[in-house]
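Using my numbering, the first residue of the sequence shown is number 0, and each one after it goes up by one.
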Amino acid sequence: MKRTDLYICGFMYLFCAFFQHETQKFPEGARHYPHFVIGLLFLLTTIRLYDMVKQYLKDRHVINDLSETFKGFQPKQFWTMFAAFLGFFALMYFFGFYVASLIYILFCLQYFHIPKKYMALVLLVMLVLTYFTFSWFLNVPLPKGEILGEFL
């Protein structure tokens, strides 16, 4: 059993509890999907914890892998992706979800030097999946943006 896995399981349980509490503020009909996702996360975390305890009972050994966890960490890559993440939210505020998503995904794929044919495929698939999942299947209104919202 790895010590970092214990931390991750603890974090996931706190994450589930926090969002379970927050979804109580939603209208009754809007709670179903978040409760399903939270329940699924809780179940998967519990299965992982069960496997970890079973492994621990077998060999009675906890590995302290904190020194290995951040081995090979690339600060430039981290901060670039963090800035892109913040930029995504700024773009979403002004131009809406679809435009911001296109730009964000395109930037990330370009940053990691993904071949152009795969970039086009990923962009197309993500737009189709996003549209059908949120706008059609779940009927969730996505942000239209302050600038483009005027025209839509």
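Ideal Cβ placement from N, Cα and C applies to all residues, glycine included. No experiment lies behind these values; they were computed from the predicted model shown.
For residue 30, there is no enclosing alpha helix (DSSP H), as DSSP gives it neither H nor E. Distance check between residue 144 and each of 97, 32 and 31 places 97 closest, using alpha-carbon atoms only. In this structure, the CA atom of residue 84 is about 22 Å from the CA atom of residue 120. By the C-beta density criterion, residue 95 is buried, having at least 16 other C-beta atoms within 10 angstroms. In this structure, the alpha-carbon of residue 40 lies about 12 Å from that of residue 9.
8 Å or more divides the Cβ of residue 139 from the Cβ of residue 131. Residue 99 sits away from residue 111, with the two beta carbons spaced by 8 Å or more.
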